[in-house]
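Heads up: the sequence shown runs through residues 267 to 559, numbered per the numbering used here.
For glycine and all other residues, C-beta sits at the position ideal for the given N, C-alpha and C.
All values derive from a computational prediction rather than experimental measurement.
Here's the structure, in structure tokens; my notes come after.
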Amino acid sequence: MNWIEYGKDINLFSDFIKDIKIMNKSEKYRAVKLLINYFSKENILDIRNLPDTYKSRRDMLHALLDVYPPKEIDPVYLELLERLLISESKEKLVTNIDDIDEVDKNIGIFKGDITTIKSDAIVNTANSKLLGCMKPLHACVDNSIHSCAGPRLRLDCNKIIEKQGHLEYIGSAKITRGYCLPSKFVIHTVGPIILDETPTKEQEKQLSSCYISCLNIVKEIDMIKNIVFCCISTGVFGYPKEDATLLAVRTVKKWLKENPEKDLKVVFNVFKDSDEEIYRQALLNDNKFVYEK
């Protein structure tokens, strides 16, 4: 299903106001307590006692939101939550994508938290339901993006799945607003899961399709001039890191060459120094890249 078919259902191009007054410490403390009381009414987690420290309370709220189903939220509490999330986002060290140096033509690398990049679009490695991993406090990109964007992201993804009538296919992609994230949009794609050590030819095609599907979406939306890719299908999805990197680099380079009319900056997001070096080598030497096992 193309974004044109569901864009109006999720108000894809409606402005989301992020210019708010940042909460002070006491306002945050009060907000977290009120939000825990509101979201715990669903009994989705076993919560008996409210922790003493702010960090513990914030983690509790985080966990509640991780598993909260895609349903409408009282506007008063939704506004309070989004003000909290935007305040937290503004307190982080945010990196503008324009300040990320290019390693190759139109392509850069950023080591750090993808939710701190101010860009037109970031890519989320999603599951087939598109609803986030829904595991309390799970340290995956999918959970991090949903947590920082806020619950409207999950609501939009649910509307998309309900409209198309089936789970998201591997290698396809959908776009939503970024809400409380610094980025304007989030593109959700479902990568292949590798059960054996070596990906099959079909899984290679599926992973390549993830990148192409995301790039084809931004090609059709003029306001998107840049995009940040996370490492799709690596980690818990099991795709060998070096193989996934080379495939990603070659796919993106080929797409940029075949679509010169779209002046697009692409950034690959990584967490570790070793991952950054793998991408750097792949970008500079993709035709003769040799992996060090």
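- Message: So, under 8 Å CB-CB, Leu347 and Gly416 are touching, yes? Tell me the CB distance rounded to an integer number of Å.
- Response: 6 Å
- Message: For Asp539 and Lys377, what's the separation of their Cα atoms in angstroms?
- Response: 7 Å
- Query: Is the beta carbon of Met326 less than 8 Å from the beta carbon of Pro317?
  - Reply: yes
- Item | Enclosing beta strand (DSSP E) for Arg443 [first to last residue] | Ala439 to Arg443
- Counting only the same chain and skipping the five closest in sequence on each side, list residues whose C-beta sits under 6 Å from that of Leu351. Gly416 and Cys446
- Query: Can you tell me whether Thr466 is buried or exposed, with buried defined as 16 or more other CB within 10 angstroms of its CB?
  - Reply: exposed
- Taking C-beta to C-beta, are Leu473 and Asn372 nearer than 8 Å? no
- Query: So Glu624 is in the alpha helix (DSSP H); what residue range does that whole segment cover?
  - Reply: This structure gives no information on residue 624, because the portion of the chain shown stretches from 267 to 559.
- Classify Asp340 as buried or exposed, calling it buried when 16 or more other Cβ atoms lie within 10 Å of its own Cβ. exposed
- Task: Look up Asn551 in the DSSP assignment and say whether it is helix, strand or coil.
- Result: coil
- Residue nearest to Phe537 in terms of C-alpha spacing, selected from Ile493, Lys429 and Asp379: Asp379
- Message: Using 8 Å for Cβ pairs, my map puts Asn492 next to Leu530. What's the rounded Cβ distance?
- Response: 7 Å
- Message: Would the stretch 391 to 404 count as touching the stretch 453 to 467 if we require 3 or more Cβ pairs under 8 Å?
- Response: yes
- Message: According to DSSP, simplified to helix, strand and coil, what is Phe305?
- Response: helix
- Message: Using 8 Å for Cβ pairs, my map puts Ile388 next to Val452. What's the rounded Cβ distance?
- Response: 6 Å
- Message: Could you tell me the alpha carbon to alpha carbon distance between Cys480 and Arg314, rounded to whole angstroms?
- Response: 43 Å
- Task: Tell me, please, which residues DSSP counts as bridged to Ile426.
- Result: The partner list for Ile426 (beta bridge, DSSP) is empty, contrary to what the question assumes.
- Message: So, at 8 Å on beta carbons, what are the nonlocal neighbours of Gly504 in its own chain, with the 5 sequence-adjacent residues on each side left out?
- Response: Ile459, Ile460 and Leu461
- Using the DSSP secondary-structure output, state which residues sit across from Ala387 in a beta bridge. Phe451
- For my contact list, Phe305 and Leu344 are in at a C-beta cut-off of 8 Å; report their separation, rounded to the angstrom. Not quite, the Cβ-Cβ distance comes to about 11 Å (not below 8 Å), so this is no contact.
- Over what stretch of residues does the alpha helix (DSSP H) that includes Glu368 continue unbroken? No alpha helix (DSSP H) holds Glu368; the beta strand (DSSP E) holding it covers Glu368 to Asp370.
- Task: Quick one: residues in its chain with C-beta nearer than 8 Å to the C-beta of Glu542, no 5 flanking neighbours on either side, listed in chain order?
- Result: Ile375, Lys377 and Val536
- Message: In the DSSP assignment, the alpha helix (DSSP H) including Asn482 goes from what residue to what residue?
- Response: Lys467 to Glu486
- Under the three-state reduction of DSSP, which class applies to Asn315: helix, strand or coil? coil
- Query: Whose CA, out of Leu512, Glu470 and Asn525, lies closest to the CA of Lys482?
  - Reply: Going by the sequence as given, residue 482 is Asn instead of Lys. Cα-wise, what sits closest to Asn482 is Asn525.
- Message: Going by C-alpha to C-alpha distance, which of Val342, Glu468, His328 and Ile283 sits closest to Leu403?
- Response: His328
- Message: Give me the residue from Phe279, Leu421 and Lys485 with the minimum Cα distance to Leu396.
- Response: Leu421
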